[in-house]
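I have placed the structure first, in the form of structure tokens, so that the comments after it can refer back to it.
In the numbering used here, the protein residues as written are -12 to 511.
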């Protein structure tokens, strides 16, 4: 018995199906070559040969003589295990960074790339050290939900509908409550300027008097220290903080639990501090029975949540667009195949419907008129016209007769064909195209990797800067109170200098947090 070995050759320079036919035809005539199969999209040839007669380097040389580039692929297809996972619950670049850095630290993981846009993780691992279950467990411990990529051809992992709905809802809730808060704020500003004008002129028209009264209504204290304005702002702010900020709080909690900081942590920090600070100031004012209403920041959280949830919503809509194109490609694939058993003289003995994943190389597949080709293959019997426009863009149907190649996903038109499967599963032309598009989405541009790395350091820095701001202003204030007076307009003269300084310092540091919070890096 002669032994038959298999080798893979990487072939470059092939442009179309006739190149493939040329290589296959010429090589199969050579001594010692048992069979050869060339995949155009993958650019690789699989050769079965008799090692007593010929060796892989000579096979590559034969392909080179035909005018193509050829290199033997060493240890191809053995060794590393490859794992594709769907990861849910990632919101921004630092989540990606967190998963990648944790996995790379794990013993046995050789390579890992996580794509935010497709919600996919691509992991290479050493099967002798670690298994898919351990990897999945590691990611779940970080607070994300993950599952194996089921070869569902509906491309549901590319579907951002759920996230789009969630952020849209979050945006609308924040917006509904934000508009009145904004209205109140603007109204108060206008009234303040009118009042100062009126004080300057001493003589007021009736309209101005009325305007003054209405602004007085907002400033009117229901309880000592609690104005209508502040009460309304507080009541409008609470639902936003709870419903608008719900997703942010969950994500921020998960991030902090693992001692990492991401955008969500910043957002939650800024809004919570603004909210809590305002709330505390109100309580203090009520306790002191203050005559003058304190300055609160209840307008900050609703505004921030509106902008960020709008940003996230748009981001998911945009991601959904990219993914839609992919989903359309995937939907071209046939889901089932009719496998037939042939007797002597090509007599049909039996046929059965199977899932496309179960078709093996060398199976005889029957394709009826109007049916899709489930796999790439050669025609054995039958004549037909085939619409291959999905791959070639050629609108005219192409004639197929025995010996011609057919492409998975193309549509058989008028005759019934029997084909012998040559490329199945992930090797079909269509799967290769889908894979290329997905890889383009999953592999990151160098600049993006850089941004991911930066975002890991960004959050702690911002918090540090904001703390520095706080203390800097407190020190400046106690050293030279005039500077604070110059910048802190409209504070009331009735409160002590120390309180003015501390309030101003807080205002400055919260402002730093709030501005850095929508994190241009993360959004970009």
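Here a beta-carbon is modelled for each residue, glycine too, at the ideal position from N, C-alpha and C.
**Q.** Alpha carbon of residue 268 to alpha carbon of residue 421, nearest angstrom
**A.** In the chain shown, residue 268 corresponds to position 281, counting from 1. In the chain shown, residue 421 corresponds to position 434, counting from 1. A direct Cα-Cα distance of roughly 57 Å separates residue 268 from residue 421.
Q. For residue 321, does the three-state DSSP call read helix, strand or coil?
A. Against the chain shown, residue 321 aligns to sequence position 334. Under the three-state reduction of DSSP output, residue 321 falls in the coil class, being neither helix nor strand.
Q) If you count every other CB in all the chains shown that lies within 10 Å of the CB of residue 66, and 16 or more means buried, which is it? A) Taking the chain shown and counting its residues from 1, one reaches residue 66 at position 79. With a pLDDT of 42 at residue 66, under the threshold of 50, the modelled position of this residue cannot be trusted, and the question is left open.
Q | Best match in 329, 337, 404, 180 for proximity to residue 364 [C-alpha to C-alpha] | A | Walking along the chain shown from the start, residue 364 turns up at place 377. Of the candidates 329, 337, 404, 180, the residue whose Cα lies closest to the Cα of residue 364 is 404.
(Q) Please state the DSSP three-state secondary structure of residue 66. (A) Numbered from 1 along the chain shown, position 79 holds the residue referred to as residue 66. Reliability fails at residue 66, whose pLDDT of 42 lies under 50, so the model's placement of it is uncertain and the value that follows must be treated cautiously. Under the three-state reduction of DSSP output, residue 66 falls in the coil class, being neither helix nor strand.
Q: Please check the pair residue 360 and residue 413, which I expect to be a contact at CB under 8 Å, by giving their CB distance rounded to whole angstroms.
A: Here the question's residue 360 lines up with position 373 in the chain shown. Here the question's residue 413 lines up with position 426 in the chain shown. Wrong, their Cβ atoms sit about 16 Å apart, outside the cutoff.
Q. In terms of residue numbering, what span does the alpha helix (DSSP H) encompassing residue 244 cover?
A. Taking the first residue of the chain shown as 1, we reach residue 244 at position 257. It spans 233 to 244 - the alpha helix (DSSP H) in which residue 244 sits, taken as one unbroken run.
Q: List the whole-angstrom C-beta distance separating residue 70 from residue 122, where the pair is believed to meet the contact cut-off of C-beta under 8 Å.
A: Numbered from its first residue, the chain shown carries residue 70 at position 83. Numbered from its first residue, the chain shown carries residue 122 at position 135. Your pair residue 70 and residue 122 checks out as a contact, with CB atoms roughly 6 Å apart and the cut at 8 Å.
Q: Could you give the DSSP three-state label for residue 570: helix, strand or coil?
A: Outside the displayed range of the chain (-12 to 511) lies residue 570, so it cannot be described from this structure.
Q | residue 458 beta carbon less than 8 Å from that of residue 488 | A | As a working mapping, residue 488 is identified with position 501 in the chain shown. As a working mapping, residue 458 is identified with position 471 in the chain shown. Remark: C-beta atoms of residue 488 and residue 458 do not approach each other more closely than 8 Å.
Q) Quick one, are the C-beta atoms of residue 28 and residue 320 less than 8 Å apart? A) Within the chain shown, the letter at position 41 stands for residue 28. Within the chain shown, the letter at position 333 stands for residue 320. Result no, Cβ atoms of residue 28 and residue 320 do not sit closer than 8 Å.
Q: Report buried or exposed for residue 103, applying the criterion of at least 16 other Cβ atoms within 10 angstroms of its Cβ.
A: Numbered from its first residue, the chain shown carries residue 103 at position 116. Residue 103 is buried by the Cβ-count criterion.
(Q) With a threshold of 8 Å on Cβ separation, who are the neighbours of residue 2 within its own chain once the five nearest residues in sequence on each side are excluded? (A) In the chain shown, counting from the first residue as 1, residue 2 sits at position 15. So the list is empty, once near-sequence residues are dropped.
**Q.** Given residue 229 as reference, the closest of 212, 161, 219, 214 once Cα atoms are compared
**A.** Here residue 229 refers to the residue found at position 242 of the chain shown. Selection 212, 161, 219, 214 evaluated against residue 229 yields 161 as nearest (Cα-Cα).
Q | Distance between residue 446 and residue 381 (C-alpha atoms, nearest Å) | A | Translated into the one-based positions of the chain shown, residue 381 becomes position 394. Translated into the one-based positions of the chain shown, residue 446 becomes position 459. Inter-residue distance for residue 381 and residue 446 is about 53 Å (C-alpha atoms, whole angstroms).
(Q) Looking only at its chain, what residues have a beta carbon closer than 7 Å to the beta carbon of residue 388, apart from the 5 residues adjacent to it on each side? (A) Residue numbering aside, residue 388 sits at position 401 when the chain shown is read from its first letter. Same-chain partners within the cutoff: 366, 370.
Q | For residue 79, the first and last residue of its enclosing alpha helix (DSSP H) | A | Locating residue 79 in the chain shown gives position 92, where the first residue counts as 1. From DSSP, residue 79 is part of no alpha helix (DSSP H); its letter is neither H nor E.
Q. Looking at the unbroken beta strand (DSSP E) that takes in residue 96, where does it start and where does it end?
A. Position 109 of the chain shown, counting from 1, holds the residue named residue 96. 96 to 102 is the extent of the beta strand (DSSP E) around residue 96.
Q) Considering only residues of the region 360 to 447, which uninterrupted alpha helix (DSSP H) runs meet the minimum length of 4 residues and lie entirely inside it, listed in chain order? A) For the region 360 to 447, whole alpha helix (DSSP H) runs of length 4 or above, ordered along the chain, are 376 to 379, 416 to 429.
Q) Of the residues 303, 499, 40, which one's Cα is nearest the Cα of residue 256? A) Along the chain shown, read from residue 1 onward, the residue named residue 256 stands at position 269. Nearest option by C-alpha distance: 499.
Q | Spatial neighbours of residue 246 in its chain, beta-carbon cut-off 7 Å, leaving aside the 5 residues before and after | A | Residue mapping note: residue 246 aligns to position 259 of the chain shown, counting from 1. Apart from the 5 residues on each side of it in sequence, residue 246 has no Cβ closer than 7 Å to any other Cβ in its chain.
Q.
Just to confirm my understanding: we take residue 348, look at its own chain, exclude 5 residues before and 5 after, and list those with CB closer than 6 Å. What are they?
A. By 1-based counting over the chain shown, the position of residue 348 is 361. Hits under 6 Å: 408, 411.
Q) How far does the alpha helix (DSSP H) with residue 469 in it reach, from first residue to last? A) Here the question's residue 469 lines up with position 482 in the chain shown. Where residue 469 is concerned, the enclosing alpha helix (DSSP H) stretches over 468 to 474.
Q) How long is the line joining the alpha carbons of residue 129 and residue 116, rounded to whole angstroms? A) By one-based count along the chain shown, residue 129 stands at place 142. By one-based count along the chain shown, residue 116 stands at place 129. About 21 Å.
Q: Tell whether a beta-carbon distance below 8 Å holds between residue 273 and residue 213.
A: Locating residue 273 in the chain shown gives position 286, counting from the first residue. Locating residue 213 in the chain shown gives position 226, counting from the first residue. Yes. Within cutoff.
Q) If you check the beta carbons only, do residue 292 and residue 357 fall under 8 Å apart? A) Position 305 of the chain shown holds residue 292. Position 370 of the chain shown holds residue 357. Not closer than 8 Å, so no.
Q: Pull up the distance between the alpha-carbon of residue 295 and that of residue 100, whole angstroms please.
A: Walking along the chain shown from the start, residue 295 turns up at place 308. Walking along the chain shown from the start, residue 100 turns up at place 113. Cα to Cα, residue 295 sits roughly 26 Å from residue 100.
Q) Looking at the structure shown, is residue 134 part of a helix, part of a strand, or coil, going by DSSP? A) Counted from its first residue, the chain shown places residue 134 at position 147. DSSP places residue 134 within a strand segment (E or B) once states are collapsed to three.
Q. Would the beta-carbon of residue 286 fall within 8 Å of that of residue 220?
A. Walking along the chain shown from the start, residue 286 turns up at place 299. Walking along the chain shown from the start, residue 220 turns up at place 233. It is a contact, given that the beta carbons lie within the stated cut-off.
(Q) Taking the beta carbon of residue 131 as the centre, do at least 16 other beta carbons fall within 10 Å, making it buried, or is it exposed? (A) Here residue 131 corresponds to residue number 144 of the chain shown, with the count starting at 1. By the 16-neighbour rule on beta-carbons within 10 angstroms, residue 131 is buried.
Q: For residue 72, write down the residues that DSSP places opposite it in a beta bridge.
A: Position 85 of the chain shown holds residue 72. Within the DSSP bridge table, the entry for residue 72 names 108, 135 as partners.
Q) Would you say residue -7 and residue 33 are within 8 Å of each other, going by their C-beta atoms? A) If you number the chain shown from 1, residue -7 lands on position 6. If you number the chain shown from 1, residue 33 lands on position 46. Result yes, Cβ atoms of residue -7 and residue 33 sit closer than 8 Å.
Q. Of all Cβ atoms in chain B, is any one closer than 8 Å to the Cβ of residue 310?
A. Among the protein chains of the structure shown there is no chain B, as only one such chain exists.
(Q) Taking the straight line between their C-alpha atoms, what separation do you get for residue 5 and residue 391? (A) The residue you call residue 5 lines up with position 18 of the chain shown. The residue you call residue 391 lines up with position 404 of the chain shown. Their Cα atoms are separated by approximately 10 Å.
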